[in-house]
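Participant: Counting in this note's numbering, the sequence shown runs without a single skipped number right up to 96 at its last residue.
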Amino acid sequence: MLEYNKTMPRGSNLDRVRGSKEQLAARFGVTPLRPGEGGREVWVRAPLDVLERFEALPAGQRGAVIRAGLEALGLLEVEDAEAHE
Numbered sequence: 012m013l014e015y016n017k018t019m020p021r022g023s024n025l026d027r028v029r030g031s032k033e034q035l036a037a038r039f040g041v042t043p044l045r046p047g048e049g050g051r052e053v054w055v056r057a058p059l060d061v062l063e064r065f066e067a068l069p070a071g072q073r074g075a076v077i078r079a080g081l082e083a084l085g086l087l088e089v090e091d092a093e094a095h096e
């Protein structure tokens, strides 16, 4: 008969062993998403040098680049106007 491993975290112990979301994020060198933020995986077609620079940015700066690009193209205002209708 197999013996139960009592040191393995299970169920209700997992949160205690793993820690809070903030502690878990700190272990991986990231910050948790703030209210209103989200993350997505999308494919982007661009020249390789541009993609390499974009990938090298931290996640927060990538978001700022996307926002700045949408604002520069006038696409962010269109989305905001449609959302208010």
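Cβ coordinates follow ideal geometry from the N, Cα and C atoms, glycine included.
Quick check: the Cα distance between GLU52 and ASN24, rounded to an integer number of angstroms?
Facilitator: The residue given as residue 52 occupies position 41 in the sequence shown. The residue given as residue 24 occupies position 13 in the sequence shown. So the two alpha carbons sit approximately 31 Å from each other.
Participant: Just to confirm, is the Cβ distance from LEU44 to VAL55 under 8 Å?
Facilitator: Counting from 1 along the sequence shown, the entry for residue 44 is found at position 33. Counting from 1 along the sequence shown, the entry for residue 55 is found at position 44. It is not a contact, given that the beta carbons lie outside the stated cut-off.
Participant: Which residue comes first and which comes last in the alpha helix (DSSP H) that contains ASP48?
Facilitator: On the sequence shown, residue 48 is found 37 positions in, with the first residue counted as 1. Position check: residue 48 holds Glu in this sequence, whereas Asp was assumed. Per DSSP, GLU48 belongs to no alpha helix (DSSP H) and is neither H nor E.
Participant: How about LEU35 and ARG29: are their beta carbons less than 8 Å apart?
Facilitator: Taking the first residue of the sequence shown as 1, we reach residue 35 at position 24. Taking the first residue of the sequence shown as 1, we reach residue 29 at position 18. Cβ atoms of LEU35 and ARG29: closer than 8 Å.
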